[in-house]
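Undergrad:
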Amino acid sequence: MSEPQEIIPIGKNDLVGMVARFFSEGYRLVQIGCSTLENGYEVNYSFDKEYRFKNLRVTVGSGEDIPSISAVYANAFLYENEIHDLFGVPVTNINIDYGGTLYRTAIKTPFSVENVKLPEPPKQKAEAPSKPADKPKQQTEPTEAQKTEAPEVQKE
Amino acid sequence: MRSFTMTKTVLKNLLGGPATLMYPKKKRTFTAITRGRVDNDINKCIFCGMCSRRCPCYAIVVTKDSREWEIDRLKCCTCNLCVEICPVKSLSMENQYAPAVLDRGGGVHKLKGPDKPKREAAAGAKGADQAQ
Amino acid sequence: MAHKNVIPFGPQHPVLPEPIHFDLVTEDEKVVDAIPSISYVHRGLERLIEKRDFIDFVHVADRICGLCSFMHSLGYSQAVEEIMGIEVPERALYLRTIWAELSRIHSHIFWLGVAADAFGFESLFMQSLRLRESVLDIFEATTGARVILGVCKVGGVRRDIDAETLKGIVNRLAILKKDLDEICSVFIDDYSIKHRLVGVGYISQEDAYTLGCVGPMARASGLSMDMRTIGYAAYKNLDVEPMVETTGDCYARCLVRVRETFHSIDLVRQAAEKIPEGPIDIKVKGTPNGEYFSRVEQPRGEVIHYAKGNGSKFLARFRVRVPTFSNIPAMIKVLKGSEVADVPNIILTLDPCISCTER
């Protein structure tokens, strides 16, 4: 049974403003999570008030930094240190900054883009339904090719 | 607020005897579905390899040509998936846990199945040829 | 100005069940600041999704922690089922609820024993663990193992409990309730325990809300927060009531956990009466494509499982946010201004489960 869960994508410059607005409306910070994408990271801020769940999503590229929200929510420092240590995303102005010693691992930033191999989505499923549709496509393609060739001939 | 509230229980325990078993003199009673260790009835096994494919810990190794089945009991997490998936029900879960060993290799348990009876197979083939 | 000392607390300490480290900055006997330090048991379990497909990963989720083992596999299965849109049969939901409540009972009794051991009450510790054995015997009779149950899977549960066994479970819990009554009256009424717990480690309701407290720590400060009221599994058909206290000190947290244990015994009885007949699992087809946050109420608070799939049989991301991780900032606030001798008590009423925290 599913409960309504909202995910709102925002830019990193609007982050602190929206978080301050949530704080004034009485939401509590539930978690800050991070996922590795192909070329960057997706940071997820989750808030909850009376069991209604809202998420703010910020996408950053590799090496970009994000501002800290620990000025608004004091308990965010633990999550932000974890993101910095495991993923390598620099977070500026955390109120208690461990400087990389919160998680002591053998490889630095084990979850970063270089170290994580994302699973590939299956390609066969995309090709299979297109097989019966190939025939009509083949019929249309030569006509499109003819159309593109015709104006070129005219231009020449 | 009361004091000495625990005295009654303490006296009952003193007079009632210990709550622990004198193991290994008295053996522990296991239930019928306790997950202890995996064993194979090698005469029934058809070496299809389904248990090896399903194992999440990669503890079972099956070689069909030489008819060998082996399990590394130190890797096995007794999840019972191999027993459920076996098509001929030759695998079973005993309710006694595997005993302790002295080194990492000591947990490997190898079984070799009987060779396929060749005469019967040849007779079957000849009979089929003659029928045709 | 008083002289400041730094006293290290942990990772090895007779009171702690798992390793965590606090650097306590003290002036004379009062703690002025506390700096937590984790990562003694970091195993990097979240990267194992690259090696095991989404059906086999339930066994890894079971092994994140020993005490909260069933709830982790329950949260994971729920997250994947919601992504794939699988409807779990009713009987499986009720069975999951019964095992979850039994998990809560055994975890709280264990906590009671360890907390009693922390302030030196050895006989109460031994008696609690003796009573806990009957719950572990129920686990072994119904699932085959005592601690890591391995009975929840994506699409339902793997074993069934028949009606005879259910009646036996309810009877055994009724006997347990009588024994628990005796122990808990020691906990609630004894003069020496009250002397050590009342007025110690106070946190106000506002601080608990803004610092992100969850679980019994929040409910003891007056916040009525219980994820079971959302209605996952079979809780929508049962009578769940969050136990709330308003005093906000260590004694209130103990009371909340004691009351929750009795409430769980009642919930198991309700679930055993209402359980319907039917299948216990459903066949899983396809692969997960999407994302979902699944929220479950563990014995220590609210746990969040986040799963994201992109169509292949390996998940793209799996994240667990455990209640102890969320309670650590509040713990630091509580430790400031307390006496050094009270620090083990306060940390134990937080009920830290460090192997969950640092998966």
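Here the protein sequences line up with chains A, B and C, keeping their order. Heads up, the first sequence stops at 408 in this note's numbering, and the numbers go up one at a time, no gaps. Heads up, the second sequence stops at 146 in this note's numbering, and the numbers go up one at a time, no gaps. Heads up, the third sequence stops at 360 in this note's numbering, and the numbers go up one at a time, no gaps. Beta carbons: idealized from backbone N, C-alpha and C, even for Gly.
1) Nearest to residue 351 (chain C) by CA position, among C:286, C:215 and C:283, is which residue?
2) Verify whether the separation of the beta carbon atoms of residue 92 (chain C) and residue 279 (chain C) is less than 8 angstroms.
3) Looking at the secondary structure, which residues open and close the alpha helix (DSSP H) in which residue 280 (chain A) lies?
4) How about residue 101 (chain B): is its C-beta nearer than 8 angstroms to some C-beta of chain C?
5) What are the start and end residues of each continuous beta strand (DSSP E) run of 3 or more residues lying completely inside the segment 217–303 of chain C, in chain order?
6) Use the C-beta contact count for residue 164 (chain C): other C-beta atoms within 10 angstroms, 16 or more gives buried, fewer gives exposed.
7) State buried or exposed for residue 196 (chain C), treating a residue as buried only when at least 16 other CB atoms are found within 10 Å of its CB.
8) Could you check whether the Cβ of residue 351 (chain C) sits closer than 8 angstroms to any Cβ belonging to chain A?
9) Is the beta carbon of residue 261 (chain C) less than 8 angstroms from the beta carbon of residue 105 (chain C)?
10) Who are the neighbours of residue 305 (chain A) on chain C, taking C-beta pairs under 7 angstroms?
11) On the three-state DSSP scale, how would you describe residue 304 (chain A)?
12) Can you pull out the residues from the segment 118–148 of chain C whose beta carbon lies closer than 7 angstroms to at least one beta carbon of chain B?
13) What's the call for residue 356 (chain A), buried or exposed, on a 16-neighbour Cβ count within 10 Å?
14) Does any residue of chain C have a CB that is nearer than 8 angstroms to the CB of residue 1 (chain B)?
15) What does residue 369 (chain A) reach in chain C if we use C-beta pairs closer than 9 angstroms?
16) Using 10 angstroms around the beta-carbon of residue 72 (chain C), count the other beta-carbons present and answer buried if the total reaches 16, otherwise exposed.
17) Unbroken beta strand (DSSP E) runs of length 3 or more, entirely within the segment 30–107 of chain C: which are they?
18) Residue 295 (chain C) and residue 83 (chain C) look like a contact to me (Cβ under 8 angstroms); what is the Cβ gap, rounded to whole Å?
19) Distance check for residue 107 (chain B) and residue 325 (chain C), CA to CA, integer angstroms please.
20) I need the straight-line Cα distance from residue 378 (chain A) to residue 311 (chain C), nearest angstrom please.
21) Residue 231 (chain C) CB to nearest chain A CB: under 8 angstroms?
22) Within 8 angstroms, do at least three Cβ pairs link the segment 37–53 of chain B to the segment 23–43 of chain C?
23) Figure out for me which residue from C:289, C:333 and C:283 has the closest Cα to the Cα of residue 88 (chain C).
24) Give me the subset of the segment 198–226 of chain C whose CB atoms are less than 8 angstroms from a CB atom of chain A, sorted by chain position.
25) Taking just the CA atoms, how far does residue 92 (chain B) sit from residue 83 (chain B)?
26) Contact criterion: CB-CB distance below 8 angstroms. Does residue 257 (chain A) meet it with respect to chain C?
27) Give me the chain B residues within the contact set of residue 236 (chain C), using Cβ-Cβ distance strictly less than 9 angstroms, ordered along the chain.
28) Residue 381 (chain A) to residue 22 (chain C), Cα distance in whole Å?
29) Indicate the three-state DSSP secondary structure (helix, strand or coil) for residue 309 (chain C) in the structure shown.
30) Cβ closer than 7 angstroms: which chain C residues qualify as neighbours of residue 49 (chain B)?
31) Where residue 48 (chain C) and residue 349 (chain C) are concerned, what is the direct C-alpha to C-alpha distance, given to the nearest angstrom?
32) Compute the Euclidean distance between the alpha carbons of residue 111 (chain C) and residue 146 (chain C), then round it to the nearest angstrom.
33) Distance, Cα to Cα, residue 127 (chain C) vs residue 139 (chain C)?
34) Where residue 198 (chain C) and residue 322 (chain A) are concerned, what is the direct C-alpha to C-alpha distance, given to the nearest angstrom?
35) Using alpha carbons as the reference points, say which of C:251, C:252, C:360 and C:268 lies closest to residue 243 (chain C).
36) Give the secondary structure of residue 188 (chain C) by DSSP, where H, G and I count as helix, E and B as strand, and everything else as coil.
TA: Per the coordinate set shown:
1) C:215
2) yes
3) Looking at the DSSP string, residue 280 (chain A) is not in any alpha helix (DSSP H); the run it does join, the beta strand (DSSP E), is 280–288.
4) no
5) 290–299
6) exposed
7) exposed
8) no
9) yes
10) 294
11) strand
12) 124, 125, 128, 131, 141, 142, 145 and 146
13) exposed
14) This structure leaves residue 1 (chain B) out entirely; chain B is present only between 15 and 146.
15) 51
16) buried
17) 31–38
18) 7 angstroms
19) 37 angstroms
20) Reliability of the predicted coordinates at residue 378 (chain A) is poor, the pLDDT of 45 falling under 50, and the value obtained from them is presented with this limitation in mind. If I take the Cα positions, the gap works out to 13 angstroms.
21) yes
22) no
23) C:283
24) 210, 211, 212 and 213
25) 17 angstroms
26) yes
27) Going along chain B, no residue has its Cβ under 9 angstroms from residue 236 (chain C), so there is no contact; the nearest lies around 27 angstroms.
28) Only weak support is given to the placement of residue 381 (chain A): the predicted model assigns it a pLDDT of 44, under 50, and the value that follows is read from those uncertain coordinates. Distance between the alpha carbons of residue 381 (chain A) and residue 22 (chain C): 57 angstroms.
29) strand
30) 145 and 146
31) 30 angstroms
32) 18 angstroms
33) 20 angstroms
34) 32 angstroms
35) C:268
36) helix
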